[in-house]
Amino acid sequence: MLSRLSRPQALAVCGLPVVALLATAVFAPLPFSVAQPGMTANVLGENQGTQVITVSGAATRRTSGQLRMTTIAATGPDARVFLGDVAGNWFRTDRAVMPRDAVYPSGDTVKEIEKHNEAQMQESQDAAAQAALKYLGLSADKVKVSLKLADVGGPSAGLLFTLGIIDKLDGDGSGGDLTGGRTIAGTGTIDAAGKVGAVGGVALKTRAAHRDGATVFLVPKAECGDAKTELPKGLRLVPVTTLKGAVDSLVALERGKGPVPSC
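To convert, count from 1 in the sequence shown and add 2; that's the numbering used here.
Rendered as structure tokens:
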């Protein structure tokens, strides 16, 4: 036998699934990470008391100016991010809500992710040294490059590592500094052939760069659009696709001659 429910009772019964869904959305962790501008480090100098770039087998030069690699700081791979965290940071210009899989490899444990990031950093450092020595026409059998940057993982410092090695060994090629005495920041992967690749998080990295005194930011050309989002005033974007293009742009800036591309 069926019995009829009153209208208020029916509404209450129908509303239960909605309430359950809302409760799940509010209290269940979501697959997102919250990121903000991270630390930057001058690859021409020291980081945490250790020289970032060390070269043996070739004379190095004293440099001025800075080449600052940039990072983002994100909630940890095991952090629980809830609807309130997403809603509270979604419209902030100094924060970004990103899919967790865009920040960390999917399905890995925290230890596996740390090993993955360390491996990517080592590969990036090896490629940076190879690209720099190839650009300068030097033999890896005679010139050894050591790169050390504590507490940073991933491949996104590759371009800045490469430029730092070049500046320490050859500068602008004519006795001057590749930086022109400026504080230059940037991001981008690099391979042994000198090709620059995209990295992600550039809108936050431009803020970190500006915060730490940079006036020029080297950005992979494919990410110009993202880099221009909320771009800090006074920070000049220079798009790059290759190591040669990055060096040419910095030399043109230093000498005040020749074309310098812009986003």
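Beta carbons are placed, not taken as given, at the ideal position from N, Cα and C, and that holds for glycine.
Residue span of the alpha helix (DSSP H) that contains residue i, given as start and end
i: G247; result: 245–257
i: V105; result: 102–105
i: T208; result: 204–213
i: V201; result: Segment: none, V201 is in no alpha helix (DSSP H) and carries neither H nor E.
i: G160; result: 160–171
i: Q132; result: 112–138
i: A229; result: 226–229
With 16 other Cβ atoms within 10 Å as the buried cut-off, status of residue i
i: L220; result: buried
i: G258; result: exposed
i: K170; result: buried
i: G177; result: exposed
i: D143; result: exposed
i: D103; result: exposed
i: A75; result: exposed
i: D179; result: buried
i: S126; result: buried
i: A43; result: buried
i: E114; result: exposed
i: G260; result: exposed
i: A61; result: exposed
i: T65; result: buried
i: G139; result: exposed
i: T56; result: exposed
Contact belief for residue i with residue j at Cβ below 8 Å, rounded distance in angstroms
i: S35; j: V105; result: 5 Å
i: T72; j: A211; result: 5 Å
i: I186; j: L69; result: 5 Å
i: A224; j: A200; result: 5 Å
i: N119; j: G156; result: 5 Å
i: T208; j: L237; result: 6 Å
i: T77; j: E232; result: At roughly 20 Å, the Cβ-Cβ gap does not stay under 8 Å, so T77 and E232 are not in contact.
Delimiting residues of the beta strand (DSSP E) encompassing residue i
i: K146; result: 146–149
i: R184; result: Premise fails: R184 is in no beta strand (DSSP E) and is neither H nor E.
i: A142; result: Premise fails: A142 is in no beta strand (DSSP E) and is neither H nor E.
Proximity of residue i and residue j at Cβ, strictly below 8 Å
i: S58; j: K146; result: yes
i: P263; j: V240; result: yes
i: V54; j: L149; result: yes
i: G196; j: Y137; result: yes
i: L206; j: P101; result: no
i: E256; j: G182; result: yes
i: G67; j: R184; result: yes
Neighbour flag for residue i against chain D, beta carbons, 8 Å
i: L161; result: Here there is only one protein chain, and chain D is not present.
* Taking three-plus beta-carbon pairs below 8 Å as touching, is the stretch 126–135 in contact with the stretch 154–164? -> yes
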